[in-house]
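One structure is given below, encoded as structure tokens.
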Amino acid sequence: MEFGPVLIALGVLFLVGLAADAIGERTRLPRVTLLLICGIAAGGAGLDVIPADLSAFYDILSVTALTMVAFLLGNALTGETLRRHGRAILSISIMVVLAT
Numbered sequence: 001m002e003f004g005p006v007l008i009a010l011g012v013l014f015l016v017g018l019a020a021d022a023i024g025e026r027t028r029l030p031r032v033t034l035l036l037i038c039g040i041a042a043g044g045a046g047l048d049v050i051p052a053d054l055s056a057f058y059d060i061l062s063v064t065a066l067t068m069v070a071f072l073l074g075n076a077l078t079g080e081t082l083r084r085h086g087r088a089i090l091s092i093s094i095m096v097v098l099a100t
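Just so you know, we're using the working numbering here: the sequence shown kicks off at 1 and counts up by one.
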């Protein structure tokens with residue numbers, strides 16, 4: 001496996017992700033939604049710019065992406081938010097755990 005095209009593709013994807021984050025911050029659009037749209041556009045359903053060699057790293061990349069999303073969402077969770085929406089957050093979380 002040649003690492004040159006893979007590293008270039010990863011670099012471009014990270015730059016697109018940073019651009020999507022900046023767009024989300026300026027337009028007040030949800031950043032997670034913009035990142036998902038970028039991922040779909042870059043993947044097989046869109047422009048198919050992700051090299052086939054990267055399929056071996058999908059598990060690691062998906063865990064990393066979910067961890068980043070969790071940190072973004074956790075950063076927005078404040079004490080005031082928990083006091084206002086704590087019961088709803090807890091009940092929805094319990095239902096999700098029971099459903100899965």
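Don't be surprised by glycine CBs; every beta carbon is placed ideally from N, CA and C.
Fair warning: this is a prediction, and the values are worked out from it, not measured in the lab.
Touching by the beta-carbon criterion (3+ pairs, under 8 angstroms), the stretch 48 to 55 and the stretch 3 to 18: yes
Arginine 83 versus proline 30: straight-line alpha-carbon distance, rounded: 23 angstroms
Glycine 11 versus alanine 22: straight-line alpha-carbon distance, rounded: 17 angstroms
Beta-carbon spacing of alanine 20, isoleucine 37 below 9 angstroms: Yes, they are a contact pair.
Secondary structure of proline 5, DSSP reduced to three states: Here proline 5 sits in helix by DSSP.
Three-way DSSP call (helix, strand, coil) for leucine 77 in this model: coil
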